[in-house]
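A.B. asks: Attaching a single structure in structure tokens format; questions to follow.
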Amino acid sequence: MTYIVNDACIACKYTDCVEVCPVDCFYEGENMLVIHPDECIDCGVCEPECPADAIRPDTEPDMDKWVEFNRKYSEMWPVIITKKDPLPNAEEMDGKDGKMELFSEKPGEGG
Numbered sequence: 024m025t026y027i028v029n030d031a032c033i034a035c036k037y038t039d040c041v042e043v044c045p046v047d048c049f050y051e052g053e054n055m056l057v058i059h060p061d062e063c064i065d066c067g068v069c070e071p072e073c074p075a076d077a078i079r080p081d082t083e084p085d086m087d088k089w090v091e092f093n094r095k096y097s098e099m100w101p102v103i104i105t106k107k108d109p110l111p112n113a114e115e116m117d118g119k120d121g122k123m124e125l126f127s128e129k130p131g132e133g134g
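What follows is the structure, encoded as structure tokens:
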């Protein structure tokens, strides 16, 4: 089992999760985070930290696409271990549907 970040993170990018991760398996894109599925140790401490409920276990239905999505971008983006401010419109975007069209493949700053 591993945890993944889904599209609920897009345009919010809360980083509360990165500070509690004991293995530093979060990676930062321009407008979301992902988890490297091979680095995640399945401890689950990140899941309750996410205000957007964007972190889910891969054992839930239809998670295969998210495991691969997280794998792909974690290999392209820099690791993030330090909490940062969420994106400016995070509160407004939290819970919105159709956020995949806002997704950016660009890397974040990491750190």
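In terms of this note's numbering, the sequence shown opens at residue 24 and continues consecutively. Positions of the beta carbon are idealized from the N, C-alpha and C atoms, including for glycine. If you're wondering where the values come from, they're calculated on a predicted model, not measured in any experiment.
For residue 52, is the beta carbon positioned less than 6 angstroms from some heavy atom of the ligand GTP?
C.D. replies: You won't find the ligand GTP in this model; it holds no ligand whatsoever.
A.B. asks: Threshold first: 4 residues or longer. Then list the alpha helix (DSSP H) segments lying entirely within the stretch 33 to 86, N to C.
C.D. replies: The stretch 33 to 86 contains these whole alpha helix (DSSP H) runs: 39 to 43.
A.B. asks: Quick check on the burial criterion: 16 or more other C-beta atoms within 10 angstroms. Buried or exposed for residue 97?
C.D. replies: Its Cβ being crowded by 16 or more others within 10 Å, residue 97 is buried.
A.B. asks: Taking residue 58 as the reference, which of 132, 108, 110, 79 has the closest Cα?
C.D. replies: Checking every option, the nearest Cα to that of residue 58 belongs to 79.
A.B. asks: Less than 8 angstroms between C-beta atoms, sequence neighbours within five positions excluded: which residues of the same chain meet that for residue 68?
C.D. replies: Excluding sequence neighbours, residue 68 sits near 43, 44, 45.
A.B. asks: Where does the unbroken alpha helix (DSSP H) through residue 116 begin, and where does it stop?
C.D. replies: Per DSSP, residue 116 belongs to the alpha helix (DSSP H) from 113 to 116.
A.B. asks: Would you mind reading off the limits of the beta strand (DSSP E) that contains residue 28?
C.D. replies: From DSSP, the beta strand (DSSP E) with residue 28 extends over 26 to 28.
A.B. asks: Buried or exposed for residue 137, going by 16 or more other Cβ atoms inside 10 Å?
C.D. replies: Nothing about residue 137 can be read from this structure; the chain reaches only from 24 to 134.
A.B. asks: Determine the direct distance from the alpha carbon of residue 82 to that of residue 36, and round the result to whole angstroms.
C.D. replies: So the two alpha carbons sit approximately 23 angstroms from each other.
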